[in-house]
Ligand SMILES: [Ca+2]
Ligand SMILES: [Ca+2]
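Numbering (this note's numbering), first residue to last: -4 to 232.
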């Protein structure tokens, strides 16, 4: 079911980066290594408060960590979403759990979406249940109060058993409160975002459909100890 994604992974092998596993302190201070940068996304929107800047990803024995520059600068209603699809789970969500004009299609659909409302720092870990989203409020370790935001997603939250090879497909976006709002900025899918330096489409009535993602490959210690954490890889676009 991940045929298309597999093709993408193969195509990206030349850009493969292998880094040392490193724990991140989720405190709003950027302690990612320079090599953890997966997307220098800054400067591609009309307005800074809706602009994702440098995006980082890394991992340790317990969790995936994502960090990104973003300062909503007092704008109200700004929300950030991060979708996760694992190769270990079939299916996934096709629509946005917070009712935005954001949809998902193709062979790789998100099993989980993290959302935060920056007005209140209310976050939800949304879990696809086969027909809709289950909403789990404020269980995510996610710091958004500084210009550098950090989030920890444990393997338990993702249902990932690192004794088994798996891939985690990730996309990030900035949107605003409301059912006519789409992805104002995207990380992987820059070609789909609704704000560019030349202008912004603030309201739409048809979802922007997402089907491509950053990929993080996980090889945890196997039963045979044939693999090590240094074998965990990050794949870039
Ligand atoms: Ca950006
Ligand atoms: Ca972008």
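Beta carbons: idealized from backbone N, C-alpha and C, even for Gly. Small disclaimer: the values here were computed from a predicted structure and weren't measured.
With three or more C-beta pairs closer than 8 Å as the rule, is the segment 32 to 45 touching the segment 181 to 196? yes
Have a look at residue 24 and residue 130 and give me their C-alpha separation to the nearest angstrom. Taking the chain shown and counting its residues from 1, the one referred to as residue 24 is at position 29. Taking the chain shown and counting its residues from 1, the one referred to as residue 130 is at position 135. Taking the straight line from one Cα to the other gives about 28 Å.
Please classify residue 169 as buried or exposed, where buried requires at least 16 other C-beta atoms within 10 Å of its C-beta. Here residue 169 corresponds to residue number 174 of the chain shown, with the count starting at 1. Buried: at least 16 other Cβ atoms inside 10 Å.
Can you tell me the Cβ-Cβ gap for residue 171 and residue 75, rounded? I've got them flagged as a contact below 8 Å. Residue mapping note: residue 171 aligns to position 176 of the chain shown, counting from 1. Residue mapping note: residue 75 aligns to position 80 of the chain shown, counting from 1. So it is not a contact: roughly 10 Å between Cβ atoms.
Residue 51: which of 123, 58, 62 sits nearest, CA to CA? Here residue 51 corresponds to residue number 56 of the chain shown, with the count starting at 1. With distances taken between Cα atoms, residue 51 lies closest to 62.
Report the CB separation of residue 78 from residue 165 in whole angstroms; it is logged as a contact under 8 Å. Reading the chain shown from its first residue, position 83 is the one you call residue 78. Reading the chain shown from its first residue, position 170 is the one you call residue 165. So it is a contact: roughly 7 Å between Cβ atoms.
Give me whichever residues DSSP pairs with residue 28 in a beta bridge. Stepping through the chain shown from its first residue, residue 28 is reached at position 33. Looking at the DSSP assignment, residue 28 forms no beta bridge with any residue, so it has no partner.
Would DSSP call residue 135 helix, strand or coil? Within the chain shown, residue 135 is the residue found at index 140, counting from 1. Here residue 135 sits in coil by DSSP.
Is it buried or exposed, residue 42, if we count other Cβ atoms within 10 angstroms and call 16 or more buried? Position 47 of the chain shown, counted from the start, is the residue given in the question as residue 42. It counts as exposed.
Does the distance from the C-beta atom of residue 18 to that of residue 148 stay below 8 Å? Taking the first residue of the chain shown as position 1, residue 18 is located at position 23. Taking the first residue of the chain shown as position 1, residue 148 is located at position 153. Cβ atoms of residue 18 and residue 148: not closer than 8 Å.
State yes or no: is the C-beta of residue 191 within less than 8 Å of the C-beta of residue 71? Along the chain shown, one-based indexing puts residue 191 at 196. Along the chain shown, one-based indexing puts residue 71 at 76. Not in contact: residue 191 and residue 71 (Cβ atoms no closer than 8 Å).
Output needed for residue 8: all residues of its chain with C-beta closer than 6 Å, excluding positions within five of it in sequence on either side, in chain order. Translated into positions along the chain shown, residue 8 becomes position 13. Confidence is the limiting factor: at residue 8 the pLDDT is only 30, short of 50, which leaves the residue's position unreliable, though a coordinate-based value still follows. Nothing listed; no residue qualifies.
What is the chain-ordered set of residues for which the beta carbon lies under 7 Å from any non-hydrogen atom of ligand 1? 36, 37, 38, 39, 40, 46, 47, 48, 180
Going residue by residue through the segment 127 to 175, where are the continuous beta strand (DSSP E) segments of at least 3 residues, counting only ones entirely within it? 128 to 132, 136 to 138, 143 to 149, 161 to 171
Please report how far the alpha carbon of residue 92 lies from the alpha carbon of residue 150, in whole angstroms. Position 97 of the chain shown, counted from the first residue, corresponds to residue 92. Position 155 of the chain shown, counted from the first residue, corresponds to residue 150. C-alpha separation (whole angstroms): 21 Å.
Write down the C-beta distance between residue 203 and residue 187 rounded to the nearest angstrom, noting that I regard them as a contact closer than 8 Å. Stepping through the chain shown from its first residue, residue 203 is reached at position 208. Stepping through the chain shown from its first residue, residue 187 is reached at position 192. Going by Cβ atoms, the distance from residue 203 to residue 187 rounds to 5 Å, so yes, they are a contact pair.
What I want to know is whether the C-beta of residue 182 ends up closer than 7 Å to one or more non-hydrogen atoms of ligand 2. Residue 182 sits at position 187 when you count from the first residue of the chain shown. It does: the Cβ of residue 182 is within 7 Å (strictly closer) of some heavy atom of ligand 2.
How many Å lie between residue 28 and residue 214 at the Cα? Along the chain shown, one-based indexing puts residue 28 at 33. Along the chain shown, one-based indexing puts residue 214 at 219. Their Cα atoms are separated by approximately 20 Å.
Check: residue 233 C-beta below 7 Å from any heavy atom of ligand 2: The requested residue 233 is not part of the displayed model; the chain covers only -4 to 232.
In the DSSP output, what is residue 118 paired with across the bridge? For this step, residue 118 is matched to residue 123 along the chain shown. Per DSSP, 111.
Measure the C-alpha to C-alpha separation of residue 153 and residue 161 and round it to an integer number of angstroms. To locate residue 153, count along the chain shown from 1; it is residue 158. To locate residue 161, count along the chain shown from 1; it is residue 166. Distance between the alpha carbons of residue 153 and residue 161: 11 Å.
Just to confirm, are residue 175 and residue 199 a CB contact at a threshold of 8 Å? Stepping through the chain shown from its first residue, residue 175 is reached at position 180. Stepping through the chain shown from its first residue, residue 199 is reached at position 204. Yes, the pair counts as a contact, with Cβ atoms nearer than the cut-off.
What is the DSSP secondary structure of residue 0, counted as helix, strand or coil? As a working mapping, residue 0 is identified with position 5 in the chain shown. Residue placement at residue 0 cannot be trusted, given a pLDDT of 42 that sits under 50; the coordinates are not used to answer.
Where are the beta strand (DSSP E) runs, 3 residues long or more, that stay fully inside the segment 23 to 109, in chain order? 32 to 35, 49 to 54, 58 to 64, 73 to 81, 97 to 99
Beta-carbon separation of residue 120 and residue 88 under 8 Å? Within the chain shown, residue 120 is the residue found at index 125, counting from 1. Within the chain shown, residue 88 is the residue found at index 93, counting from 1. No, these two residues do not count as a Cβ contact at 8 Å.
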